[in-house]
Amino acid sequence: MQVAVVTFDGINELDGFIASALEECGVTVLDAPFHAEGRIATAGGCLASQYLAAWTIARTLGDDAARTAIEYAAPVGEKAETVERVMAAVRTGAAAPR
């Protein structure tokens, strides 16, 4: 498989262009920021690193450790909301749709 990186001025054009190109190749494109299947995970967008970090930590050290790490890195005044958003995405994304 080859992957090409294409840069446009607008993020929406990039998302739409890549999604439609992948769908034309028979790839199912999910409308979700995070998805995991088994030992493989993928994430997109500005929170991708938080989702992948939380998923990795939760798988290796448990949910409590993941929550602690995300809370530590979360912005002041948004800690509880950030932890819940990230953990909800990781839990939701772990179920593989078919």
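All residue numbers for the sequence shown refer to the working numbering, where the first residue is 20 and numbers rise by one.
The C-beta atom is built at its ideal place from N, Cα and C for all residues, glycine as well.
To the nearest angstrom, how far is it from the Cα of residue i to the Cα of residue j?
| i | j | result |
| --- | --- | --- |
| residue 76 | residue 82 | 7 Å |
| residue 85 | residue 104 | 13 Å |
| residue 39 | residue 50 | 12 Å |
| residue 54 | residue 74 | 10 Å |
| residue 43 | residue 36 | 11 Å |
| residue 108 | residue 100 | 12 Å |
Between the Cα of residue i and the Cα atoms of the options, which residue gives the shortest distance?
| i | options | result |
| --- | --- | --- |
| residue 78 | 99, 60, 64 | 60 |
| residue 52 | 43, 63, 42 | 63 |
| residue 66 | 44, 89, 39, 41 | 89 |
| residue 112 | 71, 45, 43 | 71 |
Practice item. Please specify which runs of the beta strand (DSSP E), each continuous and at least 3 residues long, are wholly inside the segment 51-116, giving them in chain order. Key: 53-56, 59-62
Check your understanding: Between the segment 85-96 and the segment 49-60, are three or more C-beta pairs nearer than 8 Å?
Key -> no
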